[in-house]
Each structure stands twice: as C-alpha cells, then as structure tokens.
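Per this note's numbering: the sequence shown = residues 33 to 358. A virtual CB, placed ideally from N, CA and C, is assigned to each residue, including glycine. The structure appears below as structure tokens.
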Amino acid sequence: MRELNQFQNYLVHEFVDDYNDGLMSRRDMVARVLHITGGVAAAATMLTTLGVRAADASEPTKFLRQASPTPLSSRSVPENDPAIRATEISYDSDGAAITAYEVFPSGDATPVAASPEASPVASGGGLPLILVCHENRGLTDHIRDVARRLAVAGYVAVAPDLVSREGGTASNSTDEVPAILSNVDPARHVGDFQAAITHYGTVEGVDITRIGMIGFCFGGGITWRTATATPELRAAVPFYGPPPPLEDVPNIRAAVLGVYAEDSGDFANEGRDELEAALTEAGTTFRINVYPGTQHAFHNDTGPRYNEEQALVAWDDTLAWLGEYV
C-alpha cells in the first residue's frame with residue numbers, strides 16, 4: 033500500500049471516526065476512503081489497520097445521527113440580509129480560474145478594528161479581509177454562511193472553492209471532493225489563498241495590509257499551512273485541523289488562535305502538544321483553546337456534532353481575536 037500523505041491520513045481517520053460514531057454509513061465511509069487510497073486492497077488494508085472489521089451481515093445497522101438541512105446557529109446570516117452584499121467571483125491563481133464566494137458589508141455592519149486608530153472608517157484605507165477555507169466537502173452553504181457572519185462583523189470575506197480546477201464543488205460528488213483536495217500538494221491550496229490576496233490588491237474598498245484567515249477541519253490544516261507561508265497574514269484561526277510541518281512554524285508571522293475539541297479521540301488533536309511546543313519555541317503569538325464537552329466539527333451548525341453553547345463561545349473568541357490582531 034502506498035503511503036498516504038498527511039491530509040489523506042487525516043481524512044481517512046475522520047471518516048472512520050464518523051462511521052464508528054454513527055455519523056456516516058459504512059457504504060459512504062468505504063466509498064470515501066476508496067477514493068483517497070485509490071484501490072480496494074489499499075482501502076481494506078487501511079481500514080483493517082484502523083480497526084474496522086470486514087462487513088458482517090449479522091452485524092446490526094448503526095443508528096445514524098442526522099445532520100441538519102438548515103443552519104441552527106443564532107449567528108447564521110441569510111443571503112438576503114440587508115447588512116451584506118454577496119456574490120460569486122473568479123480570480124486567477126497560477127493560470128487557473130478560481131471561483132469564490134465574496135461577501136462585503138453593505139454599510140449597515142459595524143467595522144471591526146484592533147484599535148480606534150486602526151478603524152477602516154477613520155483611516156479610509158478600506159475594510160480588512162478575511163480568507164475562509166472550507167472543510168473537506170468543499171464550498172458548502174455552511175461555509176458561505178460563515179463568510180456572511182464575518183461580513184456582518186465588518187469584514188470583507190472570501191471563501192475560495194479549492195476544487196475549482198476540477199469543475200467546482202457542485203460538479204463533484206461528496207465522495208470525490210475529499211480525495212481531490214487531499215491528493216494534491218497542499219501548496220496548491222496555499223497558493224490559491226495567496227492569489228486571493230493578490231486579487232484584492234486591485235479591489236477598491238479592501239485594505240490588504242489587514243488580512244486574517246479562518247478554516248475548518250481540512251481547512252484548519254490549510255490555514256496552518258498558509259500561515260507558515262504567507263507573512264501578510266496578521267491573524268489566523270484554524271478550527272481543529274492537522275498541524276503544519278513543525279520545521280515551518282518559525283515562519284509564522286500571524287497571531288494564531290487554535291480552536292480544538294475536548295474529545296481525546298478527535299484525530300485533529302494528534303500532534304497538538306508538539307505544535308504548541310514549537311510555537312512557544314518560535315516566539316509565535318498564539319493561544320490554543322479547547323472547548324469542554326465538544327467533539328470534532330462542533331462549530332458546524334449543519335452537522336451532527338454541533339454544540340450550540342460552545343460554538344457560540346468559539347465564534348465570539350474568534351471575532352475577539354480577529355478584532356485584536358487584524
């Protein structure tokens with residue numbers, strides 16, 4: 033079996049955890065793992081290694097906890113909210129057209145600033161920009177909602193579709209998107225966010241001296257990676273993602289708030305202690321928050337692990353962090 037890269041390994045663990053917790057059917061779990069490993073034998077070997085037994089007709093079907101078809105969070109912002117202006121855009125990244133969901137405050141939102149002196153209203157330098165990285169399912173309605181929540185807080189938010197080169201999220205199946213995202217060099221995704229920064233250097237009303245980034249799950253990992261390679265970032269908020277290569281940690285210039293679940297079984301916590309040690313040694317401004325009683329993806333209010341109380345706390349912590357450092 034070929035060795036899986038970090039993101040492939042991370043996603044396989046996530047899908048197996050979802051299956052074991054009754055959040056994903058065996059059929060869906062196997063299909064997604066198969067797309068990542070690229071072969072039946074490799075998938076079977078990986079699943080056996082992770083303790084998944086061969087299918088047994090006598091084994092009872094697991095009860096599957098259902099996701100919500102609509103947002104549950106009180107912070108959700110509808111598309112027609114008068115406080116925002118949302119649109120689909122496209123920008124160039126190394127010769128590829130990247131589609132993205134862009135949201136501006138309409139003028140009714142309150143701008144967020146690190147200090148009164150840095151206020152975009154006072155300086156006339158435009159609004160700060162927040163890059164949003166989606167989960168392993170691609171650019172979903174939930175991620176669009178997150179972008180709108182940021183715009184209501186006074187930011188310009190942009191959420192690129194990282195499978196744009198493959199036709200976009202909507203053109204690929206739920207089983208295919210994680211494999212597309214994890215089968216390529218993560219540097220491609222980092223480059224797409226760096227290209228977004230270049231794009232907004234030409235967009236009126238955006239202050240690209242004030243940039244932050246937020247990402248969830250797979251997107252949390254890409255947020256960590258982007259922070260190690262993009263000195264323009266002032267702040268980064270990775271939600272439960274895999275850590276970056278530790279040798280790259282000293283390159284981080286952003287102030288980083290790490291958001292993690294308390295669940296010790298969450299594979300996103302793998303290597304977190306070593307990451308904290310590397311951040312401390314590098315002198316990085318950071319804080320790691322672990323939210324009590326939570327599981328992986330607890331912020332996603334359309335997912336089955338949503339924890340309303342702690343998700344609201346984490347979101348308030350995120351806005352406070354961005355407000356202080358962006």
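Residue range of the unbroken beta strand (DSSP E) whose run includes residue i
i, result
"V190", "V188 to P192"
"Y338", "Unbroken run through Y338: none, as it is neither H nor E."
"T77", "Not the beta strand (DSSP E): T77 falls in the alpha helix (DSSP H), residues V72 to T81."
"A118", "I116 to S125"
"R319", "F318 to Y323"
Same chain, Cβ closer than 8 Å to residue i, neighbours up to 5 away in sequence not counted
i, result
"V209", "N168, R169, G170, V195 and T201"
"I116", "V109, V135, F136, P137, S138, A141, R180, A183 and V184"
"N321", "L289, G290, V291, Y292, A346 and D349"
"Q98", "P336"
Cut-off 6 Å between Cβ atoms - residues of its own chain near residue i, not counting five sequence neighbours on either side
i, result
"L289", "V269, R319 and W353"
"L307", "P275"
"A261", "V222"
"T241", "none"
"P263", "R285"
Own chain partners of residue i with C-beta closer than 7 Å, once the 5 adjacent residues on each side are dropped
i, result
"G158", "P152, G237, V238 and D239"
"A3", "The structure shown does not extend to residue 3, since the chain is modelled only from 33 through 358, so no value can be given for it."
"F299", "Y42, H45, E46 and D49"
Alpha helix (DSSP H) segment containing residue i, residue limits
i, result
"Y51", "Q38 to N52"
"L161", "That residue, L161, is in no alpha helix (DSSP H); its beta strand (DSSP E) goes L159 to C165."
Local conformation of residue i per DSSP, three classes
i, result
"S57", "coil"
"F136", "strand"
"D177", "helix"
"T201", "helix"
"T312", "helix"
"T69", "helix"
"G303", "coil"
"E208", "helix"
"G170", "strand"
"T131", "strand"
"T350", "helix"
"V358", "coil"
Local Cβ density within 10 Å of residue i, reported as buried at 16 or more and exposed below that
i, result
"N112", "exposed"
"L104", "exposed"
"P114", "exposed"
"R181", "buried"
"P218", "buried"
"A154", "The pLDDT assigned to A154 is 32, lower than 50, so where the model puts this residue is not dependable, and the model offers no usable value."
"S147", "At S147, the pLDDT of 43 sits below 50, so the modelled position is not reliable; the number obtained from the coordinates is stated separately. By the 10 Å Cβ count, S147 comes out exposed."
Contact test: residue i Cβ vs the ligand MN heavy atom, cutoff 8 Å
i, result
"G290", "In the structure shown, the ligand MN is absent, as is every other ligand, since no ligand is present at all."
- Which full runs of the alpha helix (DSSP H) of 4+ residues lie inside the region 214–295, going along the chain? 218–232 and 250–261
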